[in-house]
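4 is the number of the first residue of the sequence shown in our numbering; add one for each residue after it.
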Amino acid sequence: MHEINEFLKGPIGTVVYSIIGILIMFLFIVLAEKFTSFSIKKEIIEDENVALGVMFGCLFIAIAIIIAASIV
């Protein structure tokens with residue numbers, strides 16, 4: 004039984020931390036949409052604002068690096 008617990012510890016931890024990371028990223032999207040004076044979705048999709056898309060892509064990468072560093 005001890006061997007099974009040790010075997011499952013890695014995958015379960017990975018799933019838990021992945022879910023936490025996804026929730027933090029989703030929270031970031033919600034907060035960014037709330038605190039900006041314009042619709043981010045409209046600007047990126049309808050108006051095809053490439054600069055805003057690149058900026059948010061970079062922000063997602065930065066937040067992902069911070070989340071990964073806090074997990075390790």
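Even glycine gets a Cβ: it sits at the ideal position worked out from N, Cα and C.
Close CB contacts of K44 within its chain, under the 8 Å cut and outside five residues either way in sequence, are with E36 (chain order).
Boundaries of the alpha helix (DSSP H) harbouring F59: 53-74, taken from the DSSP string. The beta-carbon separation of L55 and E49, rounded to 12 Å, does not stay under the 8 Å limit for a contact. Non-local beta-carbon contacts of Y20 in its own chain, meaning distances under 7 Å to residues more than five positions away in sequence, involve I74 in chain order.
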